[in-house]
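For the sequence shown, full-length UniProt numbering assigns the number 1 to the initial residue and increments by one for each residue that follows.
Glycine included, every Cβ here is placed at the ideal spot set by N, Cα and C.
These figures come from a predicted structure and were not determined experimentally.
Below is one structure, written out as structure tokens; comments come after it.
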Amino acid sequence: MNAKFPPLIAVIGSDGSGKSTVCEHLIEYVKHYGPAVQVHLGKQAGNVGRAAAKLPLLGRSVGKAIESNTKKVKTKKSRIGLLPSAVIIAFVGRRLLRFRRMLAFRRQGYIVLTDRFPQAQIPGAYDGTVFPVDVEGSRFVRWLAARERAAFQWMAKQKPDLVLKLNVSLDVACARKPDHRKAALEKKIAVTPLLTFEGADIVDLDADRPIEEVLSAAEKAIAEFMVVQGYRYSADGASPAAR
1 MNAKFPPLIA VIGSDGSGKS TVCEHLIEYV KHYGPAVQVH LGKQAGNVGR AAAKLPLLGR
61 SVGKAIESNT KKVKTKKSRI GLLPSAVIIA FVGRRLLRFR RMLAFRRQGY IVLTDRFPQA
121 QIPGAYDGTV FPVDVEGSRF VRWLAARERA AFQWMAKQKP DLVLKLNVSL DVACARKPDH
181 RKAALEKKIA VTPLLTFEGA DIVDLDADRP IEEVLSAAEK AIAEFMVVQG YRYSADGASP
241 AAR
């Protein structure tokens with residue numbers, strides 16, 4: 001743990017692993033150890049695209065453009081154009097803003113719980129860089145790709161103090177997310193066990209279990225971690241942490 005700041009706890013896992021549900025529950029639990037805040041550190045391109053689609057006049061076109069161009073960089077085998085590159089780098093900037101906001105919360109004395117966490121270990125995997133390692137494009141596009149790599153390397157170095165890794169099977173993930181492509185879920189599930197988050201303390205949780213059991217296991221992992229860090233549980237919640 002970074003001795004200067006309160007703990008940084010990350011919850012990671014594939015779509016369908018129950019991250020959102022787990023985070024919504026855990027933020028209230030973590031507050032029993034002191035002031036705490038939850039921050040989403042994912043790309044959220046889908047959320048932005050859906051929000052843009054609701055705008056009058058050009059909203060639907062903008063929403064479709066965002067969805068299309070965030071996929072092109074990952075799937076395109078030839079040279080990558082400026083528009084998809086610009087869309088990707090815009091989301092990198094948005095992600096950096098949220099990450100810096102998270103760091104500011106820590107400096108202010110908050111325990112931070114994050115939904116997702118950036119990783120620079122596996123390019124192209126979830127919560128990682130989008131540009132291919134050997135990106136083909138103009139000099140400017142290659143410069144943007146280098147900026148993305150640098151941004152993710154910097155964020156990844158601010159490693160969490162504790163990572164709760166939600167491991168889910170493909171069948172369960174597909175049942176929970178029937179609108180998601182099976183191949184995409186399979187790829188994310190395969191990547192999850194490989195992520196080390198710069199050597200952070202990781203607790204693996206079986207996300208196939210009933211949600212009550214998953215939440216109980218997550219609470220237990222946090223309780224054990226917080227005791228080691230010198231924090232006391234307060235039944236009242238949001239009390240000053242003792243270290």
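So, at 6 Å on beta carbons, what are the nonlocal neighbours of residue i in its own chain, with the 5 sequence-adjacent residues on each side left out?
i, result
"L8", "V112, P160 and D161"
"L144", "S85 and I89"
"L215", "H25"
Do you know whose CA, among the options, lies nearest residue i's CA?
i, options, result
"M155", "V168, I189 and A120", "A120"
"R139", "V228, T21, I80 and D206", "I80"
"G109", "V11, V87 and Y33", "Y33"
"P118", "L215, R95, K4 and F225", "R95"
"E148", "K165, L166, D206 and T129", "T129"
"K165", "L97, A10 and P210", "A10"
"Q153", "P6, K4, V92 and K31", "V92"
"A151", "D127, Y233, D134 and A235", "D127"
"residue 255", "G230, L205 and P210", "Past the boundaries of the shown model lies residue 255; the chain is included only from 1 to 243, so the question cannot be answered."
"P210", "K182, K220, A184 and V172", "V172"
If you draw a straight line from the C-alpha of residue i to the C-alpha of residue j, how long is it?
i, j, result
"R176", "G16", "5 Å"
"K157", "E198", "7 Å"
"V141", "L82", "6 Å"
"G18", "P193", "16 Å"
"E224", "I189", "27 Å"
"Y29", "R98", "23 Å"
"E186", "A125", "12 Å"
"H180", "C174", "7 Å"
"R101", "V87", "21 Å"
"I202", "M226", "14 Å"
"E213", "C23", "14 Å"
"V228", "T196", "21 Å"
"R232", "I222", "12 Å"
"V135", "G230", "46 Å"
"K182", "F5", "40 Å"
"K220", "G137", "49 Å"
"P178", "F131", "28 Å"
"V133", "A146", "9 Å"
Apart from the five residues on each side of it in sequence, which residues of its chain come closer than 8 Å, Cβ to Cβ, to residue i?
i, result
"I27", "A36, V37, Q38 and L113"
"A235", "H32"
"I122", "G128, V191, L194 and L195"
"L170", "K182, L185, E186 and I189"
Write down the C-beta distance between residue i and residue j rounded to the nearest angstrom, noting that I regard them as a contact closer than 8 Å.
i, j, result
"H40", "R106", "Wrong, their Cβ atoms sit about 16 Å apart, outside the cutoff."
"G13", "V168", "6 Å"
"V200", "V163", "Before going further, note that residue 200 is Ala rather than Val in the sequence given. About 5 Å; that satisfies the 8 Å criterion."
Can you give me the Cβ contacts of residue i inside the same chain, cut-off strictly under 7 Å, excluding the 5 residues immediately before and after it?
i, result
"S20", "D115"
"A207", "G13, S17, G18, L166, N167, V168 and V214"
"A184", "none"
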